[in-house]
Each structure stands twice: as C-alpha cells, then as structure tokens.
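Heads up, the sequence shown stops at 360 in the working numbering, and the numbers go up one at a time, no gaps. Yeah, the Cβ is synthetic: ideal placement off N, Cα and C, and Gly gets one too. None of the values given here were measured: they were computed from a predicted structure.
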Amino acid sequence: LTVDQAVPLGLVLNELLTNALVHAFPGRSGQISIDLGSEADGGIHLEVADDGVGFTPPTDMKSLGLELVKRLVRQLRARLVFDSTPTTGSRYRILVPREEQRHA
257 LTVDQAVPLG LVLNELLTNA LVHAFPGRSG QISIDLGSEA DGGIHLEVAD
307 DGVGFTPPTD MKSLGLELVK RLVRQLRARL VFDSTPTTGS RYRILVPREE
357 QRHA
C-alpha cells in the first residue's frame with residue numbers, strides 16, 4: 257500500500273464508517289465490519305459492510321459524502337462495488353489495482 261493509495265483509502269474508510277454510524281442503525285444496534293486485503297492480481301481491496309437498514313440507490317447515493325467516496329475511488333483508478341438491501345445492510349467494496357496497473 258503506497259502513500260498515494262493510503263491517504264484516499266483512509267478518507268474513504270472514514271466516510272463509509274461515518275455514514276454507517278449515522279444512518280445504518282436508527283434506534284437499534286448493529287455491526288460494522290472492515291476488511292483490507294490483497295487480491296490475486298496484486299491489487300488491494302477495502303470492504304466496509306454493516307447489517308443495518310440498507311438503502312436504495314441511486315437516490316440515496318447522491319449524498320455529499322458518497323460523492324466524495326466516488327471521486328476518491330476515481331482518483332485511485334479503482335472500482336466501487338456497492339450492494340444494499342433492507343435485510344442485509346450495505347456493503348461497499350473498493351478494488352484498487354496494483355500500482356503498475358494504475359499508471360498503464
């Protein structure tokens with residue numbers, strides 16, 4: 257993980273955790289999980305998931321915080337995979353290519 261990757265990923269993590277803490281568990285408790293790891297192709301992934309109430313894109317995906325997440329993901333030349341349902345909560349997976357692939 258390079259500094260050029262760590263800074264935007266840290267900001268993404270902060271935003272996704274904040275969103276989960278503020279919106280995912282209205283009037284109840286829940287769990288948030290974070291996974292940072294390597295991919296088979298040498299890239300890395302960051303996954304933030306919760307078992308909260310979920311939401312339906314694209315309407316709810318237009319918040320200022322999620323716009324920031326999308327811009328940071330583009331800056332990383334990464335891919336954002338999003339899944340959310342009222343029964344399973346929300347899951348954000350950011351797939352960052354290895355450094356050489358980012359500059360190709």
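Original post:
To the nearest angstrom, how far is it from the Cα of N275 to the Cα of G321?
Top reply: Cα to Cα, the separation comes out at about 8 Å.
Original post:
Leaving out the 5 sequence neighbours to the left and right, which residues in its chain are closer than 6 Å to E303 when beta-carbon positions are compared?
Top reply: So the list reads D291, R349, once near-sequence residues are dropped.
Original post:
Alpha carbon to alpha carbon, what distance is there between L272 and E355?
Top reply: Spanning the two alpha carbons is a distance of roughly 23 Å.
Original post:
Is A305 closer than 8 Å to G345 when the C-beta atoms are compared?
Top reply: With respect to the 8 Å criterion, G345 and A305 are classified as neighbours on the basis of their beta carbons.
Original post:
Does DSSP put D297 in a helix, a strand or coil?
Top reply: DSSP places D297 in coil when its eight states are reduced to three.
Original post:
Leaving out five residues before and five after L336 in sequence, what residues of the same chain have Cβ atoms less than 6 Å from its Cβ?
Top reply: Around L336: V329, I350.
Subject >> Where P282 falls, given that 16 or more other Cβ within 10 Å makes a residue buried >> reply: P282 is exposed by the Cβ-count criterion.
Original post:
Helix or strand or just coil, what does DSSP make of R354?
Top reply: Correct three-state label for R354: coil.
Original post:
When DSSP labels each residue in this structure, what does D307 get in the three-state scheme?
Top reply: Residue state, collapsed to three classes: coil.
**OP:** With DSSP collapsed to three states, give me the class of G345.
**Re:** The three-state reading of DSSP puts G345 in strand, counting E and B together.
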